[in-house]
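What follows is a set of notes on a single structure, which appears directly below.
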Ligand SMILES: Nc1ncnc2c1ncn2[C@@H]1O[C@H](COP(=O)(O)OP(=O)(O)OP(=O)(O)O)[C@@H](O)[C@H]1O
Ligand SMILES: [Mg+2]
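Residue numbers (the working numbering): 79 to 328.
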């Protein structure tokens, strides 16, 4: 993103949500975006997804301007899942593949592969209302991955989950990222979550959102499953956490 800005124009007022965003996302990185409420995080995601067009600057994917319409190359996982309630989990995950006329045998293989990855293979015949919040979120992740997007965009995907489930989901998405080497763009309110997942952590200022800090971390390559709690009390982790909290609250 080169000098990207976005100003919303409503009938009452103009709101500049983002200003002067310069950001390079490396293939295979896990980018976590933090910032105060209303600073433009979702707006940034919506620009990358193609739901909104930047009013300034340019956004490139593989050196080409991104298409201003959503497509399967940029898959979005929202805070509240957007599963089709009338389809079972298997059919939800299969949906995009069917739309693109992937042959049935291939579809079934892909669907099973990603349902297995998120631990939902035995629930593939369930309807979404028969699943817990965490399970629905995992189904949404499988649905996005099934389309093999260039980048996975996640907007506070674990924000509505309890602490225990959240920790398991973090382990799950970290494993998926390590296994698939996908590029992930992940918005969160939770500083610890960003530090436990992000290889690149970006902190935005309050509105209009500008990048006020970029941090690199190798931690997500090393964390062992089920052991993330251990890292929260490490000195380096605590220092980074305090630094980011101070930035966001100042
Ligand atoms: N469709 C819209 N029309 C007009 N203004 C909007 C629109 N969407 C967002 N805004 C404004 O743009 C600013 C940034 O909103 P955005 O949703 O990107 O923030 P956010 O960082 O995701 O916040 P949160 O952490 O609360 O989710 C806010 O001031 C919001 O009021
Ligand atoms: Mg938001």
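Heads up, the beta-carbon is just placed ideally off N, CA and C, and yes, glycines get one too.
For a test of your reading of the model: does the CB of residue i fall under 6 Å from any non-hydrogen atom of ligand 2? Yes or no.
i           : result
residue 119 : yes
Based on Cα-Cα distance, which residue from the options lies nearest to residue i?
i           : options               : result
residue 133 : 317, 195 and 125      : 125
residue 59  : 91, 101 and 90        : In the structure as shown, the chain starts at 79 and stops at 328, and residue 59 therefore has no counterpart that could be examined.
residue 243 : 173, 214, 202 and 255 : 214
residue 93  : 255, 116, 104 and 103 : 116
residue 127 : 148, 141 and 140      : 148
residue 259 : 309, 109, 294 and 91  : 109
Can you tell me the Cα-Cα spacing of residue i and residue j, whole angstroms?
i           : j           : result
residue 114 : residue 270 : 15 Å
residue 179 : residue 225 : 12 Å
residue 153 : residue 208 : 24 Å
residue 87  : residue 121 : 13 Å
residue 238 : residue 111 : 17 Å
residue 96  : residue 291 : 15 Å
residue 276 : residue 298 : 6 Å
residue 80  : residue 135 : 5 Å
residue 223 : residue 230 : 8 Å
residue 190 : residue 199 : 6 Å
residue 284 : residue 326 : 8 Å
residue 308 : residue 232 : 25 Å
Exposed or buried, which one is residue i when buried takes at least 16 other CB atoms within 10 Å?
i           : result
residue 107 : buried
residue 184 : exposed
residue 304 : exposed
residue 143 : exposed
residue 162 : exposed
residue 294 : exposed
residue 168 : buried
residue 206 : buried
At a cut-off of 6 Å, is residue i close to ligand 1 when judged by its beta-carbon and the heavy atoms of the ligand?
i           : result
residue 369 : This structure cannot speak to residue 369, because the chain is shown only from 79 to 328.
residue 288 : no
residue 88  : yes
residue 152 : no
residue 127 : no
residue 221 : no
Tell me whether the beta-carbon of residue i lies closer than 7 Å to the beta-carbon of residue j.
i           : j           : result
residue 218 : residue 159 : yes
residue 203 : residue 170 : no
residue 273 : residue 306 : no
residue 255 : residue 265 : no
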